[in-house]
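Q: The sequence shown begins at -16 in the working numbering and counts up by one.
The beta-carbon is built from N, C-alpha and C at its ideal position, and this holds for glycine as well.
This one's a predicted model, so the numbers in the text were calculated from it and none came from an experiment.
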Amino acid sequence: MAIQVDSTPTPEDIQAIIEGVNQHNAPYLESIKSQEFTCFSFTDDGDKEGGLYAELWGEWLLVKYLWVEPNAKGKGLGRKLLAEAEEFAKQQECHSVFLDTYDFQAKPFYEKQGYQVQMVLAPYPISGARYYLTKPL
């Protein structure tokens, strides 16, 4: 047996690994519903000033990205986007939310919205921290 580390893998090599894992997981996960969605907030001029990208996966809402334009921060926009996504998830029979954030991002904001830290990676990636939070719906 030979093992080789390749610091410049080809897209095909990466895809071979992904496909191998997906084949193994399929019998366990293929029946789980999955739906991506977005929420946006618009200015009076129709410009996007904030957005949320998430996925419904089984009975969980997975918040992947929450963004608010710098000049729109502090106006409750992030809270409203998050609440809208949570309400949508409840309507789809989700029971909980999962998200992660870095120490320089929005941990206090999420805690204010009722999220609880479940795990911390620190130091991550070098000297910071990454927080994994959940919230029941």
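Between 37, 95 and 98, which lies nearest to residue 21 when the distance is taken from Cα to Cα?
A: Position 38 of the sequence shown, counted from the first residue, corresponds to residue 21. Comparing Cα positions, the closest option is 37.
Q: On the three-state DSSP scale, how would you describe residue 37?
A: The sequence position of residue 37 within the sequence shown is 54, counting from 1. DSSP places residue 37 in strand when its eight states are reduced to three.
Q: Exposed or buried, residue 51, counting other C-beta atoms within 10 Å across all chains shown (16 or more means buried)?
A: One-based indexing of the sequence shown puts residue 51 at position 68. It is buried - the Cβ of residue 51 has at least 16 other Cβ atoms within 10 Å.
Q: Tell me the rounded alpha-carbon separation between residue 3 and residue -3.
A: Here residue 3 corresponds to residue number 20 of the sequence shown, with the count starting at 1. Here residue -3 corresponds to residue number 14 of the sequence shown, with the count starting at 1. Spanning the two alpha carbons is a distance of roughly 10 Å.
Q: Under three-state DSSP, which class holds residue -6?
A: In the sequence shown, residue -6 corresponds to position 11, counting from 1. Residue -6 falls in the helix class under three-state DSSP.
Q: Can residue 35 and residue 64 be called in contact, C-beta distance under 8 Å?
A: Working through the sequence shown from its first residue, we reach residue 35 at position 52. Working through the sequence shown from its first residue, we reach residue 64 at position 81. Cβ atoms of residue 35 and residue 64: closer than 8 Å.
Q: If you scan the segment 61 to 95 from start to end, which runs of the alpha helix (DSSP H) of 4 or more residues do you find wholly inside it?
A: The segment 61 to 95 contains these whole alpha helix (DSSP H) runs: 90 to 95.
Q: If we count the other Cβ atoms within 10 Å of its Cβ and call it buried at 16 or more, is residue 31 buried or exposed?
A: Here residue 31 refers to the residue found at position 48 of the sequence shown. Exposed, by the Cβ-count rule.
Q: With a CB to CB cut of under 7 Å and the five nearest residues on each side skipped, what residues in its chain are close to residue 97?
A: The sequence position of residue 97 within the sequence shown is 114, counting from 1. Answer for residue 97: 118, listed in chain order.
Q: Please report the straight-line C-alpha distance between residue -1 and residue 43, rounded to a whole angstrom.
A: Within the sequence shown, numbered from 1, the residue matching residue -1 stands at position 16. Within the sequence shown, numbered from 1, the residue matching residue 43 stands at position 60. Their backbone Cα atoms lie some 28 Å apart in a straight line.
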